[in-house]
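Worksheet: the structure to be examined is printed underneath.
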Amino acid sequence: MPESVAVNESAVLAGAPVTAAGARTRLVRRLLRNHSVVIGGSVFLVLVLVALFADALSPYSPTRLYPAQRLKPPSLSNLLGTDEFGRDIASLVLHGSRVSLLVGGVTMVLTSLGGVLIGLVAGYYRRLDLVIMRVMDGLMAFPAILLAIALMAVRGPGVWNVIFSLSIVYLPRTAMLIRSTALSVRELDYVLAAQALGRGGLAIAFRHILPNCVGPLLVQGTFIFAYAVLAEAILGFLGVGVPPYVPSWGNVIASGKNVIREAFWVSAFPGLALTLAGLSLNLLGDGLRDTLDPRLRRE
Amino acid sequence: MLVVVTVVFLLIHLIPGDPVAVILGPEANAQQIEDARRELGLDRPLHEQLLRFYARLLRGDLGRSYFLDRPVTQALWERAEPTLVLMTAALFVAVLIGVPTGIVAGAYQGSWWDRGLMTLALLGVCVPGFWLSLNFIYLFSVRLGWLPVAGYASVLQDPVAAARYMLLPAVSLGFNQSALIARIARSCMIEVLRQDYIRTARAKGLAERSVIFLHAFRNALVPVVTVIGITMAILIGGAVVTEIVFNIPGLGRLIISAILRRDYPVVQGVVLLTAAAYMLINLMVDVVYAYIDPRIRYA
Numbered sequence: 001m002p003e004s005v006a007v008n009e010s011a012v013l014a015g016a017p018v019t020a021a022g023a024r025t026r027l028v029r030r031l032l033r034n035h036s037v038v039i040g041g042s043v044f045l046v047l048v049l050v051a052l053f054a055d056a057l058s059p060y061s062p063t064r065l066y067p068a069q070r071l072k073p074p075s076l077s078n079l080l081g082t083d084e085f086g087r088d089i090a091s092l093v094l095h096g097s098r099v100s101l102l103v104g105g106v107t108m109v110l111t112s113l114g115g116v117l118i119g120l121v122a123g124y125y126r127r128l129d130l131v132i133m134r135v136m137d138g139l140m141a142f143p144a145i146l147l148a149i150a151l152m153a154v155r156g157p158g159v160w161n162v163i164f165s166l167s168i169v170y171l172p173r174t175a176m177l178i179r180s181t182a183l184s185v186r187e188l189d190y191v192l193a194a195q196a197l198g199r200g201g202l203a204i205a206f207r208h209i210l211p212n213c214v215g216p217l218l219v220q221g222t223f224i225f226a227y228a229v230l231a232e233a234i235l236g237f238l239g240v241g242v243p244p245y246v247p248s249w250g251n252v253i254a255s256g257k258n259v260i261r262e263a264f265w266v267s268a269f270p271g272l273a274l275t276l277a278g279l280s281l282n283l284l285g286d287g288l289r290d291t292l293d294p295r296l297r298r299e
Numbered sequence: 300m301l302v303v304v305t306v307v308f309l310l311i312h313l314i315p316g317d318p319v320a321v322i323l324g325p326e327a328n329a330q331q332i333e334d335a336r337r338e339l340g341l342d343r344p345l346h347e348q349l350l351r352f353y354a355r356l357l358r359g360d361l362g363r364s365y366f367l368d369r370p371v372t373q374a375l376w377e378r379a380e381p382t383l384v385l386m387t388a389a390l391f392v393a394v395l396i397g398v399p400t401g402i403v404a405g406a407y408q409g410s411w412w413d414r415g416l417m418t419l420a421l422l423g424v425c426v427p428g429f430w431l432s433l434n435f436i437y438l439f440s441v442r443l444g445w446l447p448v449a450g451y452a453s454v455l456q457d458p459v460a461a462a463r464y465m466l467l468p469a470v471s472l473g474f475n476q477s478a479l480i481a482r483i484a485r486s487c488m489i490e491v492l493r494q495d496y497i498r499t500a501r502a503k504g505l506a507e508r509s510v511i512f513l514h515a516f517r518n519a520l521v522p523v524v525t526v527i528g529i530t531m532a533i534l535i536g537g538a539v540v541t542e543i544v545f546n547i548p549g550l551g552r553l554i555i556s557a558i559l560r561r562d563y564p565v566v567q568g569v570v571l572l573t574a575a576a577y578m579l580i581n582l583m584v585d586v587v588y589a590y591i592d593p594r595i596r597y598a
């Protein structure tokens, strides 16, 4: 694993014989001592489990319509009430977590991969830097949600199009982060040592610089996950996200907007789920930043 | 700016879908479509359209809207007032809640005040703005009937009605940002209170209150000004969603309908205006910086 290589090298340089395994155990222990990480992580884990077992947990099918049961307030048979088509809100919210987590998770992975690639190239090959960064600046000159809406207009509704659009929108942030980390790391002595040993540029970038980006990347990824979940809901709410028949939190809130006079529960519960997801991810991100990001760690 | 202009132009023209088909409707024959395309200049190659676009832009001409039957600059001008009012009000709310909250929490770090306020702020960051708006509408408009559900009145014509219409949108848009400002203001305050000159001020027997307000407050403001700048940028994006929820006839609704109808000149106009606003905000932040912190002077 490249991570352990880096830990060993820096440990040797520092003159402290620390094993990689020992460093990892200490890291895990430090993470478990952080309340934000533990609380945020647990809530998030529950959400993942809910998404995985949504079928088993849901009392009704989220897509079947029961016109006789429309706009029923929360009761024993429909714990969170029903919407204008008689769909069970609890089942919709449970299934909606799938879309949210899928969009958030895949967007996080795609922006991380793309961001690492672009950021490392820009940070290590100075000649390409100027061009790449101007393009990134151009992308960042729009409000994120406007750019996402415009891209959705190009691609049309659909889960994968939402993921594509949000990945484009959030890519520049990760690329900038990796670039700035790479810029500061490449001046360090051990990179010079690797250069002296005749390592090629790409090898240095990926084996020696990348491991130093893992911490900030993970923190950034968690926040992008949170942004993406929220942005997906906003797109659904505006009617340009996943198609209306797919149960997603944004879609259900949008349909709740039309019936807010008669049935507040239609929009209230999916929104609550959305808030909970955002809360868990923000807690997790805050906690990870405090533990992992050496630049922000208190001395 | 040139990069932004070009990116906007290309992005918009890459959106598949023909504005001519939308304007003329399904009954138009081939000859009519051909004429309309020629009239709008859409029959020319893309690079020629781009050059003409630059030329017109330099003369301050943004073209005519395909649908609204008026120049884009006029359409922008008509729709600017609601958006400006909304953003100003939201910024006012955000700063009014955010700065004092952060300063108090930071000044009494670790106290119950600090913990309570920061838990609220975390919630505030995570609550989706558009969902908060719906809840406000339900509570204050549907249930209590205190405020109108949605709509807009011009500040110049009827200030009282304008305030009643604007209160909920401004609070729901500003609330998220106030939480962000509070968190930053708190950490800046903590940072400043650790400095030596604060110890000096305390050592010479100043009351804690004047230490906080005379010595720490002003220095803690410097980074907060940056955040307020970022806040304004985020508000531009947030305003789009808020305008949809509250049915406010501003730039946000203009661009959404323009994107969906492929009204290229209008989309270009709004996006360029946004990008220009972004840059203006950044410039203002730099100027205010130098004013608050005399150490910052650009050579």
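Line by line, the protein sequences are chains P and E. Start counting the first sequence at 1; every next residue gets the next number (my numbering). Start counting the second sequence at 300; every next residue gets the next number (my numbering). Even for Gly, the Cβ is constructed at its ideal location relative to N, Cα and C. Small disclaimer: the values here were computed from a predicted structure and weren't measured.
Around E/I396, no beta-carbon contact reaches into chain P at under 8 Å, the shortest distance being about 19 Å. Interface criterion met: the Cβ of P/F237 is under 8 Å from a Cβ in chain E.
Taking 8 Å as the Cβ-Cβ cut-off, the segment 251-264 of chain P approaches chain E at I253, G256, K257, I260, R261 and F264, given in chain order. At a C-beta separation below 7 Å, P/T174 has no neighbours in chain E, since its nearest C-beta there lies roughly 18 Å away.
Secondary structure note for E/Q373: its alpha helix (DSSP H) is the uninterrupted segment V371 to A406. The alpha-carbon separation between P/A56 and P/F269 amounts to approximately 20 Å. Around the CB of P/M136, 16 or more other CB atoms lie within 10 Å, so the residue is classed as buried. In this structure, the beta-carbon distance from E/V539 to E/I558 does not fall below 8 Å. Around the beta carbon of E/M465, a 10 Å sphere encloses 16 or more other beta carbons of the protein chains shown; the residue is thus reported as buried. For P/D88, the three-state secondary structure derived from DSSP is strand. Under the DSSP assignment, P/Y170 falls in the alpha helix (DSSP H) whose first and last residues are V159 to V185.
At a beta-carbon threshold of 7 Å, the residues of chain P lying near E/F429 are I234 and F237, ordered along the chain.
Chain E has a Cβ within less than 8 Å of the Cβ of P/S267. Contact of P/G271 with chain E by beta-carbon distance below 9 Å involves V426, P427, F429, W430, L431, L433 and N434. Within the same chain, Cβ atoms closer than 6 Å to the Cβ of E/G405 are found at R485, M488 and I489, the five residues on either side in sequence being excluded. Rounded to whole angstroms, P/A226 and E/K503 show a C-alpha spacing of 47 Å. The C-alpha of P/R173 is placed about 20 Å away from the C-alpha of P/D290. Shown here for E/L431: same chain residues with a beta carbon closer than 7 Å to its own, the five before and five after excluded, namely S471 and F474 in chain order. When Cβ-Cβ separations below 8 Å define contact, P/G40 makes no contact with chain E.
Burial of P/H95 is indicated by the presence of at least 16 other C-beta atoms within 10 angstroms of its C-beta. Straight-line spacing of the CA atoms in P/V37 and E/G415 works out to 19 Å. Residue P/V116 holds the alpha-carbon nearest to the alpha-carbon of P/R207 among P/M140, P/F223, P/V116 and P/Y66. At least one beta carbon of chain P lies nearer than 8 Å to the beta carbon of E/Y437. Listed as beta-bridge partners of E/R363 by DSSP are E/P370. Interface criterion not met: the Cβ of P/T222 is under 8 Å from no Cβ in chain E.
Within the same chain, A538, V539 and E542 come within 6 Å of E/G551 by CB-CB distance, once the 5 residues on both sides are set aside. Considering only beta carbons, the part of the segment 544-578 of chain E lying closer than 9 Å to chain P consists of V544, G551, I554, I555, I558, L559, R561, V566, V569, V570, T573, A574, Y577 and M578, in chain order. P/N251 is classed as buried because its beta carbon has at least 16 other beta carbons within 10 Å across all chains shown. Here DSSP, grouped into helix, strand and coil, assigns P/T82 to strand.
The C-beta separation of E/L534 from E/M386 comes to about 5 Å, placing the pair in contact by the 8 Å criterion. Following the DSSP letters along the chain, one finds P/Q195 inside the alpha helix (DSSP H) bounded by residues D189 to A196. Rounded to whole angstroms, E/D585 and E/A532 show a C-alpha spacing of 15 Å. Annotation: E/L421 to P/A273 spans about 16 Å, alpha carbon to alpha carbon.
I149, A150, A153 and V154: these are the residues of the segment 147-175 of chain P whose beta carbon lies less than 7 Å from some beta carbon of chain E, given in chain order.
Rounded to whole angstroms, the Cβ separation of P/M152 and P/L235 is 6 Å, and the two are in contact under 8 Å.
Here P/A141 is buried: its Cβ has 16 or more other Cβ atoms, across all protein chains shown, within 10 Å.
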